[in-house]
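Notes follow once the structure below has been shown.
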Amino acid sequence: MSKHVVIIGAGPAGLTAALELVGQPGVTVTVLEADDCVGGISRTVNHNGNRIDIGGHRFFSKSDWVMQWWANLMPIEHSGDVPLNLRYQGRAREGLPVGAAVSEGGEPTAMLVRNRLSRIYFNRRFFSYPLKLNADSFRNLGIGKSALFGFSYVRAQVSKIEPETSLEDFLINRFGQRLYRQFFKEYTEKVWGVPCNQISAEWGAQRIKSLSITKAVFHAMRGMLGLNGKVAQTSLIENFLYPKHGPGEMWETAAQLFQARGGTLLMKHKAVGLAMEDGQVRSVTVQGPSGEAFKLDCTHAVSTMPVRDLVAASRQSWGEDIAAIADNLQYRDFITVGLLYRANELPRALGDNWIYIQEPGVNVGRVQVFNNWSPYMVKDASMVWMGLEFFCRETDDLWKMPDAELQQLAQREMLQIGLVSAATAQDAVVIRVPKAYPGYFGEAYARFDELRSALDAVPNLFLVGRNGMHRYNNQDHSMLTAKEAADQILSGVVDKSRLWSINVDDEYHEEAKA
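Per numbering that gives the first Met the number 0, the sequence shown starts with residue 0, numbered consecutively.
Here is the structure:
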């Protein structure tokens, strides 16, 4: 029996599923993308020759399959005869495949090996991120405050909050009350817009590494005494892979390959309806760029669109209870303001990929330095290209603020916290991303399992990716859900629980926020 698969969304999950399915015997694949570019939130935006990575996307995975998949699409640029070895958040990867850079339209393309540096900026001082009690932290905090944090941590270990229901409980149990209030509470509430005690502990389990106080104190004391040595410090340098021209380059390459293999990619085509019959999806209604609507018959549908929108597009197929849960799911929206400065307009050189801003009195949550992701992201090497990240809802005044005012706000805050010395940037741009983060809070989320069960009961409908599953997946987790969906479509053996088992109690994350 032939299969016609309609995939909604051309982000990492959608394009991964598409490439896994296209070319298989008896399978035709159509991908619908509502935007005019592929990649979803992993796209790259080009502004006057300077590129922006929306949210930041490090290419590293515990999955051998994901690492090989990336390397197959884009060779890893690595000089020398020594094997390519990577370290990321305590994980080592050795013997990765290396290839020569290839050319796409005259532009060389490859994956670069980049050093990882992310820090917390608090009280005009830098702390390690994820937070570590190392020598630098002890020096920045002072012995007295460090001791108080240590005692608070010990107290939390001997008197844990049970049951652990909220993110606040989760953080206090793992870091102690004082560290939680100093480094987690305000920042996390800025990101999510709700108190930590209203956010599910499940989010913490997926995103945040615990702190080993014994190991931290041991290494910090050795570091302050100069006993760790250069070899040990070098071995802890972490790195990751990154496309020369940003993450969007990977997904543009994937889209080109999908089409070359016979797949159909419809850009600026939005899924606006799903028709079901006998409990299965039979067709997808599509709205084209001119507003025209048409139907695509399908044997299977793979959805990466927000769950709220998916249910709205097939509302007649669900009871009022299920529709109400979907209608009330919450999201956090995202704004990036790109600012371009001369290198001499920064009081100090910044080697960071990300800087987590914990200074009081500012709206900005995080700053990217795109030069440090890849030098090819910046048109002029004498300039520093930065992305200021703001978290809000579409109903907030910040989201509605005109671009010119947002640019002025971003420039004022950069000057206020002392990361730049110039009042005015050389160039600026605003990018808004709706529904960037699925919310783990609210009454609807507390009933999400009911919604999930109803959707999973449709045997030929597969939810994959971040918004598709209303789960804070990273790029590689989204890809793995897509692979699993493709495998089930091809085999005919459907077990939706296998999709949901991906990214459960994982040990690292590329974009951890807390």
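By construction, the Cβ of each residue, glycine as well, lies at the ideal position given by its N, Cα and C atoms.
Around the CB of Lys-495, 16 or more other CB atoms lie within 10 Å, so the residue is classed as buried. Cys-391 carries a strand assignment under DSSP once its states are collapsed to helix, strand and coil. Judged by beta-carbon spacing, Met-478 lies within the 8 Å limit of Pro-11, meaning their Cβ atoms are closer than that value.
Inter-residue distance for Phe-389 and Arg-465 is about 19 Å (C-alpha atoms, whole angstroms).
In this structure, the CA atom of His-3 is about 50 Å from the CA atom of Phe-182.
Apart from sequence neighbours up to five positions away, the residues of its chain that approach Ala-9 with a beta-carbon distance below 6 Å are Val-30, Glu-32, Val-37, ordered along the chain.
Residue pairing by DSSP puts Gly-386 in a beta bridge opposite Gly-337, Gln-367. Put simply, the backbone Cα of Ser-302 is about 12 Å away from that of Ala-17.
Under the three-state reduction of DSSP, Gln-279 is assigned to strand.
Contact between Ala-155 and Gln-176 holds, since their C-beta atoms are separated by about 7 Å, short of 8 Å.
Selection Gln-23, Ser-127, Arg-118, Met-110 evaluated against Ile-354 yields Arg-118 as nearest (Cα-Cα). Contact fails between the segment 367 to 378 and the segment 393 to 400, because fewer than three Cβ pairs, one in each stretch, are under 8 Å apart. A Cβ-Cβ separation of about 42 Å leaves Arg-86 out of contact with Asn-327 under the 8 Å criterion. Annotated three-state conformation of Lys-267 is coil, per DSSP. Annotated as proximal: Ala-253 and Leu-72, with beta-carbon spacing under 8 Å. C-alpha of Asn-196 to C-alpha of Pro-288: approximately 43 Å in a straight line. In the DSSP assignment, the residues bridged to Glu-32 are Met-266. A direct Cα-to-Cα measurement between Arg-50 and His-244 gives close to 7 Å.
Secondary structure in the segment 289 to 313: the beta strand (DSSP E) runs of 3 residues or longer, each lying completely within the stretch, are 292 to 296, 299 to 302 in chain order. Nearest in C-alpha terms to Glu-393, of all of Ala-409, Leu-387, Arg-431, is Arg-431.
Residue range 142 to 157 is occupied by the alpha helix (DSSP H) that includes Leu-147.
Looking at the DSSP output, Gly-272 shares a beta bridge with Thr-284. Non-local beta-carbon contacts of Tyr-471 in its own chain, meaning distances under 7 Å to residues more than five positions away in sequence, involve Trp-202, Gln-205, Arg-206, Tyr-436, Pro-437, Arg-465 in chain order. Glu-185 is the residue among Val-21, Glu-185, Ala-270, Tyr-128 whose C-alpha sits nearest the C-alpha of Pro-359. Taking a cut-off of 8 Å for Cβ pairs, the segment 268 to 276 and the segment 415 to 433 do not touch, as fewer than three such pairs fall below it. Straight-line measurement puts the Cα of Glu-163 at about 18 Å from the Cα of Thr-187.
The C-beta distance from Phe-169 to Met-110 rounds to 34 Å, too long to meet the 8 Å contact threshold. Taking 8 Å as the cut-off, the Cβ atoms of Val-366 and Leu-408 do not count as close. Going by DSSP, His-476 is part of the alpha helix (DSSP H) stretching over 474 to 490. DSSP places Ala-435 in the uninterrupted beta strand (DSSP E) bounded by 426 to 437. CA-to-CA, the gap between Glu-412 and Thr-335 works out to about 14 Å. Taken through DSSP and simplified to helix, strand or coil, Phe-59 comes out as coil. At the C-beta level, Phe-440 and Val-190 stay beyond 8 Å of one another. Contact check for Ala-300 and Leu-116: beta-carbon distance about 42 Å, past the 8 Å limit, so the pair fails to qualify.
For Asn-466, the enclosing alpha helix (DSSP H) stretches over residues 465 to 468. Residue Cys-391 holds the alpha-carbon nearest to the alpha-carbon of Arg-331 among Cys-391, Met-0, Ser-490, Asp-296.
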